[in-house]
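Quick note on our numbering: the sequence shown kicks off at 6 and runs consecutively. Backbone N, C-alpha and C fix where the C-beta goes; we use that ideal spot for every residue, glycine too. In what follows, a single structure is set out as structure tokens and then discussed.
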Amino acid sequence: MNITVIGRGNLGGGLADLWERAGHRVTRLGRDGGDAGGADAVLLAVPGDAVETALSSVTGLAGTTVLDATNLYGGARPPAGFDSNAEYVRSVTGGPTAKAFSANFASLFGDVADTRVRPSNLWAGDEQAADVVTRLSLDAGYEAVRLGDLGMAATQEGLAGVLFSIAQNGLGPFVYRMAAPGRL
Ligand SMILES: NC(=O)c1ccc[n+]([C@@H]2O[C@H](COP(=O)([O-])OP(=O)(O)OC[C@H]3O[C@@H](n4cnc5c(N)ncnc54)[C@H](OP(=O)(O)O)[C@@H]3O)[C@@H](O)[C@H]2O)c1
């Protein structure tokens, strides 16, 4: 797959490394922006309050499948008129959109391959994005678990505070698995 990551920091850079190892071709864009034309999938991994700025500096996004990994915390809000960053993203691109990879710790990407079972990767979004989310989750070492449609993206964006709190109360950065009992 041709993948463009917008944001090449801990999350975007970390997933880019894993996806390249799995055989994908990845273009990494930073705050200077660039062109995403021809990408089969785009990962958005910029600070949660920088989504409008980031997308305004990237061309070639129309109709593209976007996996939005941004989180909102510390009082940050989505762009005016939207309940979530992910819904704003879809209003810009008009393509299949998913909130994905926002509920995992990038610091553990190097450990995921060694877990006894695949950790989960929660996502919320359009059915048309499901195949891409499933594939790219597997190729990063995770199993995708769907939280709901794009209307649930705001709920997922709000999970960051929950994850941080769990991490800060004794567990540290963690993976999780949500699976039917027979598949644990
Ligand atoms: N780190 C995690 O474990 C984790 C987990 C889940 C979700 N997330 C979410 O993923 C997003 C990125 O987190 P991160 O930890 O990867 O951050 P990071 O390491 O600080 O990287 C941020 C990236 O965003 C780019 N950027 C910063 N400001 C920008 C702007 N105004 N316009 C366009 N691009 C901008 C930076 O560009 P330059 O390269 O040019 O500096 C950099 O590539 C956040 O929304 C975060 O909540 C992070």
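- When the beta-carbon positions are compared, V63 and V94 stay at least 9 Å from each other.
- The alpha-carbon separation between F87 and G17 amounts to approximately 24 Å.
- Following the DSSP letters along the chain, one finds V137 inside the alpha helix (DSSP H) bounded by residues A135 to L143.
- Pairing G19 with F114 gives a Cβ-Cβ distance under 9 Å.
- Cβ contact annotation for A46 (same chain, cutoff 7 Å, sequence separation greater than five): M6, I8, T70, L72, V137 and L141, in chain order.
- Between the alpha carbons of G163 and Y78 lies a distance of about 7 Å.
- For the 9 Å CB-CB criterion, A105 and L155 do not form a contact.
- With a cut-off of 8 Å, the C-beta of D37 is classified as near ligand 1, since at least one heavy atom of the ligand falls inside that distance.
- Taken atom to atom, the span from the alpha-carbon of G28 to that of S89 is near 32 Å.
- T102 sits buried, since 16 or more C-beta atoms from the chains shown fall within 10 Å of its C-beta.
- Bridge partners of V47 according to DSSP: T9 and V71.
- Cβ-Cβ separation between G53 and G100: approximately 20 Å, too far for a contact (criterion under 8 Å).
- Going by DSSP, A159 is part of the alpha helix (DSSP H) stretching over A158 to E162.
- In terms of Cβ geometry, A59 and G38 form a close pair [threshold 9 Å].
- The three-state reading of DSSP puts R33 in strand, counting E and B together.
- Within its own chain, no residue has a Cβ closer than 6 Å to the Cβ of A55 once the five positions on either side in sequence are excluded.
- In this structure, ligand 1 has no non-hydrogen atom nearer than 8 Å to the beta-carbon of Y93.
- Per DSSP, reduced to three states, the secondary structure at A108 is coil, with no helix or strand assignment.
- Set against 8 Å, the gap from the CB of L16 to the closest heavy atom of ligand 1 is smaller.
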